[in-house]
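Q: Just passing along the structure, written as structure tokens.
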Amino acid sequence: MSDQDTSRPRALVVDDAPTVRLYHGEILRSAGFDVDEAGNGFEALELALATAYDLLVVDVNMPQMDGYELLTRLRSDEVALTCPVVTISTEADEPDADNAYRAGANLYLVKPVAPDLLEHVAGVLTSSLPAPWSAS
Amino acid sequence: MTNPLLAQFVAEAADLLAEVDEGLLRLERDPADVDLVNAVFRAAHTFKGSSGLFDLPELTRLTHAAEDLLDAVRSGALPLDAEMVDGLLAAFDAVRAWIPVIEATGSAPASAAATGEAIARRLRTALGDDAGGSSPVTVTVAATPVAPTVLAPWVLDLGEETLRGLLPWLEATGASIRALDYRPDDGCFFRGEDPLHLVRQVPALEVLEVRAPDDLPAVTEFDEYESVLRFTALTRAAMQEVQYVFRYVPNQVEVVEVTAAALARLLDGGDEAEAPTEAEAPEEHRVLVGLLAAQRRVLAAGVPTPASVTAAVRVALRAASALGLSVTSPAEGAGPEAVLAWVDALVAAAGSPVVPAQRTAPVDEQDAGAERSADGPVGEPATEDATAGSRILKIEQSKVDRLLDLVGELVVAKNSLPFVAAAAEEEGHRVLARRIKDEYAVVSRVSEELQQAVMDVRMLPVSTAFARAPRLVRDLSRKLGKRVRLVQEGEETAADKDVIEMLAEPLVHLVRNSLDHGIEPPEERVAAGKPEEATLLLRAVPDGDAVLVEVADDGRGIDVERVRRKAYERGIVEESALESMSDAQIAELIFAPGFSTADQVSDVSGRGVGMDAVRSAIERLGGTVTTDSRPGQGLTIRLRLPLTMAVSRVLLITAGGQRFGVPIDDVVETVRTPWSSVTRVAGREVLVLRDEIVPLAPLAGLLDLPAADRGDEVSVLVVRTATGPLGVVVDRFHQNTDVILKPLDGLLAGTPGYCGTALLGDGLVLLVLDVKELNNRAAAAR
Numbered sequence: 001m002s003d004q005d006t007s008r009p010r011a012l013v014v015d016d017a018p019t020v021r022l023y024h025g026e027i028l029r030s031a032g033f034d035v036d037e038a039g040n041g042f043e044a045l046e047l048a049l050a051t052a053y054d055l056l057v058v059d060v061n062m063p064q065m066d067g068y069e070l071l072t073r074l075r076s077d078e079v080a081l082t083c084p085v086v087t088i089s090t091e092a093d094e095p096d097a098d099n100a101y102r103a104g105a106n107l108y109l110v111k112p113v114a115p116d117l118l119e120h121v122a123g124v125l126t127s128s129l130p131a132p133w134s135a136s
Numbered sequence: 001m002t003n004p005l006l007a008q009f010v011a012e013a014a015d016l017l018a019e020v021d022e023g024l025l026r027l028e029r030d031p032a033d034v035d036l037v038n039a040v041f042r043a044a045h046t047f048k049g050s051s052g053l054f055d056l057p058e059l060t061r062l063t064h065a066a067e068d069l070l071d072a073v074r075s076g077a078l079p080l081d082a083e084m085v086d087g088l089l090a091a092f093d094a095v096r097a098w099i100p101v102i103e104a105t106g107s108a109p110a111s112a113a114a115t116g117e118a119i120a121r122r123l124r125t126a127l128g129d130d131a132g133g134s135s136p137v138t139v140t141v142a143a144t145p146v147a148p149t150v151l152a153p154w155v156l157d158l159g160e161e162t163l164r165g166l167l168p169w170l171e172a173t174g175a176s177i178r179a180l181d182y183r184p185d186d187g188c189f190f191r192g193e194d195p196l197h198l199v200r201q202v203p204a205l206e207v208l209e210v211r212a213p214d215d216l217p218a219v220t221e222f223d224e225y226e227s228v229l230r231f232t233a234l235t236r237a238a239m240q241e242v243q244y245v246f247r248y249v250p251n252q253v254e255v256v257e258v259t260a261a262a263l264a265r266l267l268d269g270g271d272e273a274e275a276p277t278e279a280e281a282p283e284e285h286r287v288l289v290g291l292l293a294a295q296r297r298v299l300a301a302g303v304p305t306p307a308s309v310t311a312a313v314r315v316a317l318r319a320a321s322a323l324g325l326s327v328t329s330p331a332e333g334a335g336p337e338a339v340l341a342w343v344d345a346l347v348a349a350a351g352s353p354v355v356p357a358q359r360t361a362p363v364d365e366q367d368a369g370a371e372r373s374a375d376g377p378v379g380e381p382a383t384e385d386a387t388a389g390s391r392i393l394k395i396e397q398s399k400v401d402r403l404l405d406l407v408g409e410l411v412v413a414k415n416s417l418p419f420v421a422a423a424a425e426e427e428g429h430r431v432l433a434r435r436i437k438d439e440y441a442v443v444s445r446v447s448e449e450l451q452q453a454v455m456d457v458r459m460l461p462v463s464t465a466f467a468r469a470p471r472l473v474r475d476l477s478r479k480l481g482k483r484v485r486l487v488q489e490g491e492e493t494a495a496d497k498d499v500i501e502m503l504a505e506p507l508v509h510l511v512r513n514s515l516d517h518g519i520e521p522p523e524e525r526v527a528a529g530k531p532e533e534a535t536l537l538l539r540a541v542p543d544g545d546a547v548l549v550e551v552a553d554d555g556r557g558i559d560v561e562r563v564r565r566k567a568y569e570r571g572i573v574e575e576s577a578l579e580s581m582s583d584a585q586i587a588e589l590i591f592a593p594g595f596s597t598a599d600q601v602s603d604v605s606g607r608g609v610g611m612d613a614v615r616s617a618i619e620r621l622g623g624t625v626t627t628d629s630r631p632g633q634g635l636t637i638r639l640r641l642p643l644t645m646a647v648s649r650v651l652l653i654t655a656g657g658q659r660f661g662v663p664i665d666d667v668v669e670t671v672r673t674p675w676s677s678v679t680r681v682a683g684r685e686v687l688v689l690r691d692e693i694v695p696l697a698p699l700a701g702l703l704d705l706p707a708a709d710r711g712d713e714v715s716v717l718v719v720r721t722a723t724g725p726l727g728v729v730v731d732r733f734h735q736n737t738d739v740i741l742k743p744l745d746g747l748l749a750g751t752p753g754y755c756g757t758a759l760l761g762d763g764l765v766l767l768v769l770d771v772k773e774l775n776n777r778a779a780a781a782r
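This is the structure we're talking about:
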């Protein structure tokens, strides 16, 4: 997917810590993504409603609207967003991962995420789909 | 500092530290404030998360300990006490001290481990952790990746002899070393990458081999802009450190753990060696299986929404096809159970038991949360945060200043229009003159609004200047054994950035002074019938185009007798003068240079520079300082500061045939009165204005200019000075005007009597008078 410059995949990185945002953003950018950034759930919700992202990378613990709440809204019947979402949290506990999956995350990773892992996962999650799923 | 990620972290750290400090101090006062606990916890949490991206184990460990303690407070398990706040403050003070070193070197100072450990233990003790000594804090370290038993053949490129020399050491110590193989992309130079520089950034490099391909093309075909080099290296640095160096080019580098056993096998029997891609394969396989398992969890968790199901199916399809499984999509519209069964089948086909991996991130396994209680409130939706959600644009100050300069010039340029109108009128073009005046009114209004808008950009809340007070009060009151409650009011009052920034230092002096001299020890307060706990009030109030800042305490006030005695002892005022001074005048002496009433110089204050420095700092800002002492009741020090320093309004006057400006802030009033109303007191000319005696001084005389002839009437400019009103006799008054005051520079720099120059609309350079100096000269002349 990296060599097609006609349609670069687009990702949204959501984290309240600018350093972490920069880190995740740079990994994805160097992997060929166009990356937007949001500092909290509200900003992310706004952006995700307005833009068709191929991937969301979402922090869990954020002010104003946390990652779970953001995901729950995105996956709700009203929004019905189906793009893959990776949550990245500092918490390594099972209940946290459970909450993320219940909210509709496709992967729960613990900070700090190694660059090659994120790049690999991002690549798989945005690879082309076999028919007929790619159509919908 | 070349690393943008680190630069970002340093900037973020400064914000977080400020947030933590303020939060903790407010929290100590109001431990029940849930929002505050949450805010401080969040800052500590963010700190830990961001620091984990760097090789800063000391920082991560310490912020983690702080986070755990705050988490316990947040969940209500522990009440916050002063001891804890001390520990937390110490922790973040240590972090603050490390940041500059981290900024410069990329790692914490050598002493950080010991310092951090001691503070972390203190925090752990407060938390009630038994194993305080043995650092139970699990650090965010990259997991020791399982060292491959079979090493990739490229490791041999490092030189068999070197490797054989390494073997005994590895065997003896049981340690491992990292070998890396970096093959920069052909076009890396075009992306501004510097492969050699990059590889040299790897810490603790033992061996570095740079290789060119054996089959270099002929010189004629050789593309010198293409990178063909390959780097192999050995390093003692941790896996995470190496990965960090190559974080932007992770796909161009391969890093392996080299153990003694694996190295021995590689050196002795090359036949077992596998291709490097195969050595990497299991890792990728694990990630993909992890992805499949994760989708299983999505589908099995509660009642997933249709969107969640669709997303999970798509991810599972992608993971399965990446695994090379023959994929059959689940039936369209299948229910969650059917889809779950389908994913189960995929997981089974991937050849791994259906055990959702505890963590699906095998590369960054860590125990960061291992000892956090399972019922930690992390999963709760965050409560509404106090942080404003408005969008903020960060702009370099120089850009705003440039804008402000331009607006200032516009304001001045527009002031030329009335001169043009006057010229037009003189030449008989009355209609034109009128039109110019009308246009002037419009331009004037728009430029004033524009100026206001730009000023607003530079406005900062006074809270920025108040920020240091809580910590100062807390630390000082403990040190002095006094009990002080700090109250802040009107922190949101805004003033220009320059004013706010220069206000901080004088405020510290005033707060210190109040705690040291004003506020009594508890027993003395009780004896005087006052509450044991003193109150120190910091208040900011907007007042027209100025802002009033008050530092008020309910201490003993200024002891006039003591000040009188000290002033005499220190030779600040002559004995005879002292006797004729009013109490208020005596109280003002605390601002005299070299004055101090402290009987012994403490390390808090008492060096006799404080109040003098306060006054000069405030006056430099164009402000004034007044005191309101209520003996036995308290002292209020009132600072009156201009909202902005950029554009000043001056009154134009003529004296000795020259035009001058006087800052309008210094002007009380202008009076034209017959000479006959001027009387003499003790041989000096004075004017009695509303029962107040205003000494007169001719401006021409003060400036050594030729005096104009005395007419029937005298024009007196009454200005405000530290010693009361002064009547400056001038020839004529003109209008008020806005100018950009520029300090005297070049040969004129430091000329006494003038506070600066300004360019007038008609092109004339105006000298703006320094009223304080005029008053000194008038006093000297008497």
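Residue numbers (the UniProt record's numbering), protein chains in the order written: chain W, 1 to 136; chain H, 1 to 782.
Glycine included, C-beta positions come from ideal geometry on N, C-alpha and C.
These numbers come from a predicted model, not from an experiment.
#1: Scan the stretch 495 to 525 of chain H and note each continuous alpha helix (DSSP H) run of 4 residues or more that stays entirely inside, going in chain order.
#2: Would you tell me roughly how many angstroms separate the C-alpha atoms of A316 of chain H and V343 of chain H, rounded to the nearest one?
#3: Would you mind stating whether F660 of chain H and L769 of chain H have Cβ atoms separated by less than 8 Å?
#4: Measuring alpha carbon to alpha carbon, tell me which residue in H:A722, H:R782 and H:D738 is nearest V771 of chain H.
#5: To the nearest angstrom, report how far apart A534 of chain H and V411 of chain H are at their CA atoms.
#6: Nearest to G187 of chain H by CA position, among H:G481, H:D215, H:Q252 and H:E209, is which residue?
#7: Taking 8 Å as the CB-CB cut-off, is P84 of chain W touching chain H?
#8: Starting from S416 of chain H and walking both ways along the alpha helix (DSSP H), at which residues does that stretch end?
#9: Mind listing the chain W neighbours of T305 of chain H? Cutoff is C-beta to C-beta under 9 Å, in chain order.
#10: Excluding the five sequence neighbours on either side, which residues of its own chain have a C-beta within less than 6 Å of the C-beta of D181 of chain H, listed in chain order?
#11: Just the C-alpha distance for T670 of chain H and L767 of chain H, rounded to the nearest angstrom, thanks.
#12: If we count the other Cβ atoms within 10 Å of its Cβ and call it buried at 16 or more, is Q451 of chain H buried or exposed?
#13: What does V121 of chain W reach in chain H if we use C-beta pairs closer than 8 Å?
#14: How many angstroms separate the CA atom of L291 of chain H from the CA atom of L129 of chain W?
#15: Mapping DSSP to helix, strand and coil, what is Q8 of chain H?
#16: When burial is assigned at 16 or more other CB atoms within 10 Å of the CB, is A587 of chain H buried or exposed?
#17: Let me see if you follow: with CB-CB separation under 8 Å, is residue 141 of chain W close to chain H or not?
#18: Output, in chain order, the set of chain H residues within a Cβ distance shorter than 9 Å of E26 of chain W.
#19: Using beta carbons (cut-off 8 Å, strictly below), is R359 of chain H in contact with chain W?
#20: Report the start-end ranges of each alpha helix (DSSP H) in the stretch 62 to 106 of chain W that is 4 residues or longer and not cut off at the edges.
#21: What residues in its chain sit with their C-beta under 8 Å from that of A300 of chain H, if we drop five residues either side in the sequence?
#22: Does V202 of chain H come out as helix, strand or coil in the three-state DSSP assignment?
#23: DSSP three-state call for D628 of chain H: helix, strand or coil?
#24: Considering just the uninterrupted stretch of the beta strand (DSSP E) at residue 783 of chain H, what are its terminal residues?
#25: Would you mind giving the Cβ-Cβ distance between G32 of chain W and Q64 of chain W, rounded to the nearest angstrom? I have them listed as a contact below 8 Å.
#26: R732 of chain H to L717 of chain H, Cα distance in whole Å?
#27: For my contact list, A44 of chain W and L70 of chain W are in at a C-beta cut-off of 8 Å; report their separation, rounded to the angstrom.
#28: Would you verify that the beta carbon of Y53 of chain W is, or is not, closer than 8 Å to some beta carbon of chain H?
#29: Using a C-beta cutoff of 8 Å, does T757 of chain H count as contacting chain W?
#30: Examine chain H for any beta-carbon lying closer than 8 Å to the beta-carbon of D34 of chain W, and answer yes or no.
#31: With a 10 Å radius around its C-beta and 16 neighbouring C-beta atoms as the bar for buried, classify R318 of chain H as buried or exposed.
#32: Is there at least one Cβ from chain W nearer than 8 Å to S444 of chain H's Cβ?
#33: Please decide whether H517 of chain H counts as near chain W, where near means a Cβ-Cβ distance under 8 Å.
#34: So, helix, strand or coil for Q600 of chain H, using DSSP?
#35: Measuring CB to CB, does G123 of chain W end up less than 8 Å from T305 of chain H?
#36: Does DSSP classify H429 of chain H as helix, strand or coil?
A: So, from the listed chains and residues:
#1: 497 to 513
#2: 7 Å
#3: yes
#4: H:A722
#5: 48 Å
#6: H:Q252
#7: yes
#8: S416 to E426
#9: T72, R75, S76, D77, A80 and G104
#10: W154, T232 and E254
#11: 19 Å
#12: buried
#13: V287 and L291
#14: 15 Å
#15: helix
#16: buried
#17: The requested residue 141 of chain W is not part of the displayed model; chain W covers only 1 to 136.
#18: P4, L5, R247 and Y248
#19: Model confidence at R359 of chain H stands at a pLDDT of 35, short of 50, so the residue's coordinates are unreliable and nothing is read from them.
#20: 67 to 75 and 94 to 103
#21: L340
#22: coil
#23: strand
#24: This structure cannot speak to residue 783 of chain H, because chain H is shown only from 1 to 782.
#25: Between Q64 of chain W and G32 of chain W the Cβ distance is about 31 Å, and since that is not below 8 Å, they are no contact.
#26: 10 Å
#27: 6 Å
#28: no
#29: no
#30: no
#31: buried
#32: no
#33: no
#34: Any reading at Q600 of chain H needs caution, since the residue's pLDDT is 45, under 50, leaving its predicted position unreliable; the model's value is listed next. In this structure, Q600 of chain H counts as coil in the three-state DSSP scheme.
#35: no
#36: coil
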